[in-house]
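Q:
Protein chains: 4
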Amino acid sequence: MALRIVFTMPVTKAMSQTLVRAMSSQAVASKNVGFIGLGNMGGHMASNLIKQGHKLHVFDISKQACDNLKAKGATVYDKTTDLAKNSDYVITMLPNNDIVWKAYNDMTADGVNKNTVFIDSSTIDPNLVRELQKFISEKGARFIDAPVSGGVPGAEQATLTFMVGGTKDEYNTVKPILEGMGKRITYCGSYGMGQAAKLCNNMMLAISMIGTSEAMNLAIRQGLDPNVFAEIINSSTGRCWSSELYNPVPGVTPTAPSNRDYAGGFSTDLITKDLGLAAGVATATNTPIPLGALSHQIYRTLKAHGLGNKDFSVVYEFMKNEANN
Amino acid sequence: MALRIVFTMPVTKAMSQTLVRAMSSQAVASKNVGFIGLGNMGGHMASNLIKQGHKLHVFDISKQACDNLKAKGATVYDKTTDLAKNSDYVITMLPNNDIVWKAYNDMTADGVNKNTVFIDSSTIDPNLVRELQKFISEKGARFIDAPVSGGVPGAEQATLTFMVGGTKDEYNTVKPILEGMGKRITYCGSYGMGQAAKLCNNMMLAISMIGTSEAMNLAIRQGLDPNVFAEIINSSTGRCWSSELYNPVPGVTPTAPSNRDYAGGFSTDLITKDLGLAAGVATATNTPIPLGALSHQIYRTLKAHGLGNKDFSVVYEFMKNEANN
Amino acid sequence: MALRIVFTMPVTKAMSQTLVRAMSSQAVASKNVGFIGLGNMGGHMASNLIKQGHKLHVFDISKQACDNLKAKGATVYDKTTDLAKNSDYVITMLPNNDIVWKAYNDMTADGVNKNTVFIDSSTIDPNLVRELQKFISEKGARFIDAPVSGGVPGAEQATLTFMVGGTKDEYNTVKPILEGMGKRITYCGSYGMGQAAKLCNNMMLAISMIGTSEAMNLAIRQGLDPNVFAEIINSSTGRCWSSELYNPVPGVTPTAPSNRDYAGGFSTDLITKDLGLAAGVATATNTPIPLGALSHQIYRTLKAHGLGNKDFSVVYEFMKNEANN
Amino acid sequence: MALRIVFTMPVTKAMSQTLVRAMSSQAVASKNVGFIGLGNMGGHMASNLIKQGHKLHVFDISKQACDNLKAKGATVYDKTTDLAKNSDYVITMLPNNDIVWKAYNDMTADGVNKNTVFIDSSTIDPNLVRELQKFISEKGARFIDAPVSGGVPGAEQATLTFMVGGTKDEYNTVKPILEGMGKRITYCGSYGMGQAAKLCNNMMLAISMIGTSEAMNLAIRQGLDPNVFAEIINSSTGRCWSSELYNPVPGVTPTAPSNRDYAGGFSTDLITKDLGLAAGVATATNTPIPLGALSHQIYRTLKAHGLGNKDFSVVYEFMKNEANN
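Residue numbers (the working numbering), protein chains in the order written: chain A, 41 to 365; chain B, 41 to 365; chain C, 41 to 365; chain D, 41 to 365.
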């Protein structure tokens, strides 16, 4: 068996982790996994499932995306109805509410395989999750939400976090599959709670990134050295993930996008989308989110100024702009 | 000398620090230390200096506060001019800009002892620090800023963080004294940078506390369990000091004021004061602080609703209020 | 003809206006008008149409609301399909998106009378307007949006403003009918533009009401007399409808709800609903609305504090609260 | 006496006001008026006083500004002490708190003429007004605040609004002088109330300008014609001075700066300064001003983006920016 080679090769730590992970496919029985949506994230996720030994059944509107997976051994479909019927699990990784809704309608137009578990890893409205769950369960199959965090690098390295909403049984059922794509598989509660957790976390992330940008900028304009101030804040009560691991000021956290002109990372477009979904659920639940709502508008203003494709930490540069000082 | 033992014993770094602290009353030469402002914080700080073996010269408008220190061995003064002249170091710990300014004027009305180093540990405007530094240096003595974080418990247990602004030499001079009252003595840069660091940190703290409150509330209203969601956020990108160590939702962080009806801790009044100072320096430096400014207004609204004396995490309760849902 | 009596009776100005208005029914041919939704607003609107000489065909889930209209001469229906088929115009005046959508589905379940013009006067999402227009036009009839402003008094006195979205021809067709319920019938553009205009106007209204409250409060706390300051602002650049005609400070505008403990008027619940719809269209069009979004959150906080039923000018009282000053 | 003609001619009230103004140089006894600060506003104001027949005693740090006034008949001084002693009234029109404070110190360094009334028309902190009033009254003269609105055109055409803080007697004393420079002389209350009124009005102005920009932008992005929407809002509850007379969208109000690339008018720099003063008094009085504070930060962001010199209605262009849509 190929996997035995592992221990006879001089491997790096990273390689051995990948191999150890790969070996777990012995534990996980090979499954038929459908995958719809082979974009920046989905392509890597599907590839990782192949590495785990699963049989992949894939669909995407991009021929090239399909060809990439085909080259790795996946079966490509034109019709998602067939794809779904051949799958133990179907994972959807799509851009927005409308496309997700349409995908599930198309895929189940002539009924479902009652053994299929549908897993949506897109980021969508938690209410749509509950509608989809009802829709699929009425047809006789199961549906859960399992949105991710960790971005493209997490998808590539199979280190995503999955936030799962469903019954505990369903969680236990899908966990081994999701472990092929991520390192933390969190149980959040019933249907929609995965999305709810993701949206609330990302709202907090947006707030603390903008807050960090304001505090760093204010410190620097008063004459503090950015590294000295970052050290102070990170060992004090102002500390947050953004200040510690993803500092928006160039030169403070070497690996952060701020050091490469805010390229890559988590785009302003995506955080704005998530804040829009969070604002929607806040309206539906009458929850006051003053800082969340203002953060949403700030990111929307950045989009209006052409920064949608930049990493969301570019808000620091937008605010520090000193054209007139 | 006792200190030598430290290095001949097989001690861990942590142990050696403890020993240094324990023995430091012998290590640090006893000094004459003036202390003005013996309130909730200052009283404990002055007591800790006595424990370190220093001779304390104290002043406060409250007779009782003076009596407390007298009982511990301090000399009480009616006139701060005499106090200052008898002191190697004078530490001021006072409520606001105006009182600090008046204290320094009174204290130096008939000149200074040129060997005295004045240390202001109050929280004041960084610009006032620079005015005071100029004022004192023109009289021939030295002045630095060293505001603190850590609150009343930190003052009591001598675990405060001091953020020092001055020359590096001045920092080295005052460090042994400050170590008698705190565990982290951070060098922030020139005059005023201690205050600047403190204000920026506390602005970030206010933003992340309100953000945490919004995110927790939104998660809970959607049906997430607060402990589950806190665990998710704390192992993800939304993590911050407030979510991890001081969660505003009762039952999540056992030691947090949220579990005792928001009593004690860091009051809404104090964070509002700090946000006011931060807003002032932001205006002076033309720095946009949208979330900082909104947080300031939110805390001001809490004060208007009678919550000024509560811990600042009470913002969660203020926003979750469900009278009408 | 009864109307001639008008000029032989000693009439007040208000009476004569009503009679003049009533006389215009000679110009407007009597029509069969369906009315669905006989609530606080709809009941008065339907009554006014009866006064104009139209034949009313009505439906509401409240038996009492139906009975009231029956007593005035309306025909009451259990099934809206029949109501719609018997009507030249159908007016819907319902609480929210979902109820409107369901009403149109029910009403047209077995087809439409192709001569009927459907007029929705509810406040809903402009996108739903466009869906409904498509839905109805595919069935062969016409649909326009015509939301109102003016509140319950405007509905009662037939002084509403209607903001109409549709073709210019459709506008001209419905104008005579709407004139029986309002005094300004504004053409806003194509389908959905009536709703768009209403939502943008009401967002501006919310912002200026909160702004007026802040400015009045800040003026008063500095020692200005509220009437003196209102006079200054109203003859200067800070002037707005809220400061002039609906001042949130008791004693300034005698007719405003602020003088009767913020009872009646335009409720916090309703403006919050409109701000939620405005926030939705802002998200859909990527439009930054920082003050609009913050106003939404402020009103949501008022709801959370039990003020949902109060007039929206109660935001002044909420912010002036001086419990802790 | 010429003035009598006014009342014997069949004139309208407006005509008689014009005549009174035209002839007032004869009606108001000629006074010695000191004027310090001959900038964009002050230069015109001083010129208008000369036209009224007053003897002007002027000072400015710019030689050219002084020469301009000299050419019109003013006496130029190098020392403000002499200027003040020769004046019945001294008007100061200076850029900020610090310069005003220094000007009054310099001017009164060797005492005051006890008959002089000092009038500060600068925009400064109301607390500084009270300090100056105390300072001048202790020296034996009188001091009042009389800030203006109306901008450079108002200064040029003598149509400014003056907001006066002082005793009613002082108001009556200075009114005839101020009428030579403005058309509305408003009594606001005691010392500082003129400034308080101005700051609160301008905060409201900033809020409603940003609100108008948001509402117009949101309407336009949904497809409404800007002129149609402006007409709707201006005859409805969203109406404000900014929407009616100074619309930020080009093409709506022909005379507004939006039609000339936001040149001239009331600069972003100046409204930001006024919002900074308003924020300061709000902090001092514990007044929540969420929309005012956010407006301040938005204008500060515009400054950071190089728009400080543009008219403050440029906020519309800043927010509508569609680089990324």
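Even glycine gets a Cβ: it sits at the ideal position worked out from N, Cα and C.
Please determine if the segment 292-300 of chain C and the segment 71-84 of chain D are in contact, where contact requires at least 3 C-beta pairs separated by less than 8 Å.
A: Cβ pair count under 8 Å is below three, so no.
Q: Against chain C, with Cβ distances strictly below 8 Å, would A/His336 count as a contact?
A: yes
Q: Tell me the residue span of the beta strand (DSSP E) that contains A/Lys215.
A: Taken as a continuous stretch (DSSP letters only), A/Lys215 belongs to no beta strand (DSSP E), being part of the alpha helix (DSSP H) at 208-218.
Q: In its own chain, which residues sit with a C-beta less than 8 Å from the C-beta of D/Phe202, not counting the 5 before and 5 after it?
A: The beta carbon of D/Phe202 is closer than 8 Å to those of Ser161, Ala186, Pro187, Val188, Leu218, Met221, Gly222, Arg224, Ile225, Thr226, Gly234 in its chain, skipping five residues each way along the sequence.
Q: Across which residues does DSSP place A/Leu134 in a beta bridge pair?
A: Answer is none; A/Leu134 lacks a bridge partner.
Q: Spell out whether any CB of chain C is found under 8 Å from the CB atom of D/Pro187.
A: no
Q: Measuring CA to CA, which of B/Leu89, B/Ile338, B/Asn88, B/Leu78 is closest to B/Lys103?
A: B/Leu78
Q: Per DSSP, which residues does C/Met203 bridge with? Please list them.
A: C/Thr226
Q: What's the gap between the Cα of C/Leu168 and the Cα of C/Met133?
A: Spanning the two alpha carbons is a distance of roughly 15 Å.
Q: Please work out which residues of its chain come closer than 6 Å, Cβ to Cβ, to B/Asn88, disregarding the five sequence neighbours upstream and downstream, and give them in chain order.
A: Ala198, Gly220, Met221
Q: Pick helix, strand or coil for B/Val152, following the three-state DSSP scheme.
A: Coil, per DSSP.
Q: Please decide whether D/Thr132 counts as near chain A, where near means a Cβ-Cβ distance under 8 Å.
A: no
Q: Within 10 angstroms of the Cβ of A/Gln66, are there 16 or more other Cβ atoms? Answer buried if so, exposed if not.
A: Residue placement at A/Gln66 is flagged as unreliable, the pLDDT there being 48, under the threshold of 50; a coordinate-derived value is accordingly withheld.
Q: Look up D/Arg182 in the DSSP assignment and give the residues it is bridged to.
A: D/Val157
Q: Along the beta strand (DSSP E) that carries D/Leu96, what are the first and last residues, could you check?
A: D/Leu96 -> beta strand (DSSP E) spans 95-99.
Q: Please tell me whether B/Pro166 has its Cβ less than 8 Å away from any Cβ of chain A.
A: With 8 Å as the cut-off, B/Pro166 counts as an interface residue toward chain A.
Q: To the nearest angstrom, how far is it from the Cα of A/Cys280 to the Cα of B/Ser275?
A: 11 Å
Q: Scan the segment 268-298 of chain A and note each continuous alpha helix (DSSP H) run of 4 residues or more that stays entirely inside, going in chain order.
A: 281-285
Q: With B/Thr121 and B/Ala149 assumed to form a contact (beta carbons below 8 Å), what rounded beta-carbon distance in angstroms separates them?
A: 6 Å
Q: Cα separation between C/Phe158 and C/Ala105?
A: Rounded to whole angstroms, C/Phe158 to C/Ala105 spans 21 Å at the Cα level.
Q: Have a look at C/Gly151, C/Asp165, C/Gly191, C/Glu196 and flag the residue whose alpha-carbon is nearest the alpha-carbon of C/Ser177.
A: C/Gly151
Q: Skipping 5 residues on each side, what residues in its chain have a beta carbon closer than 7 Å to that of B/Tyr286?
A: Thr293, Ala296, Ser353
Q: What is the residue span of the beta strand (DSSP E) that D/Gly74 lies within?
A: From DSSP, the beta strand (DSSP E) with D/Gly74 extends over 72-76.
Q: Between B/Asn365 and A/Gly190, what straight-line distance do the alpha-carbon atoms span, to the nearest angstrom?
A: In this prediction, B/Asn365 scores a pLDDT of 42, lower than 50, which makes its location untrustworthy; the coordinate-derived value is nonetheless stated afterwards. One C-alpha to the other measures close to 35 Å.
Q: Could you check if A/Ile101 is buried or exposed, using at least 16 other CB atoms within 10 Å of its CB as the buried criterion?
A: By the Cβ-count criterion, A/Ile101 is exposed, with fewer than 16 other Cβ atoms from all chains shown falling within 10 Å of its own Cβ.
Q: Do B/Asn241 and A/Thr277 have their C-beta atoms closer together than 8 Å?
A: yes
Q: What is the rounded straight-line gap between the Cα of D/Glu271 and the Cα of D/Asp265?
A: 10 Å
Q: Say whether chain A places a C-beta atom closer than 8 Å to the C-beta of B/Pro330.
A: yes
Q: When burial is assigned at 16 or more other CB atoms within 10 Å of the CB, is D/Asn257 buried or exposed?
A: buried
Q: Against chain C, which members of the segment 337-356 of chain A pass a CB distance test of less than 8 Å?
A: Gln337, Ile338, Arg340, Thr341, Lys343, Ala344
Q: Can you tell me which of the three DSSP states C/Ser56 falls into?
A: At C/Ser56, the pLDDT of 48 sits below 50, so the modelled position is not reliable and the matter cannot be decided from this model.
Q: Around the C-beta of A/Asp209, are 16 or more other C-beta atoms found within 10 angstroms, so that it is buried, or is it exposed?
A: Exposed: under 16 other Cβ atoms inside 10 Å.
Q: From C/Ala111 to D/Glu254, what distance separates their C-alpha atoms?
A: 46 Å
Q: Does the Cβ of D/Glu357 have 16 or more other Cβ atoms within 10 Å, making it buried, or fewer, making it exposed?
A: buried
Q: Decide if C/Arg340 is buried, meaning its Cβ has at least 16 other Cβ atoms within 10 Å, or exposed.
A: buried
Q: Starting from the C-beta of A/Asp128, find all residues in its chain whose C-beta is less than 6 Å away, skip the five residues before and the five after it, and write them out in chain order.
A: Lys71, Asn72
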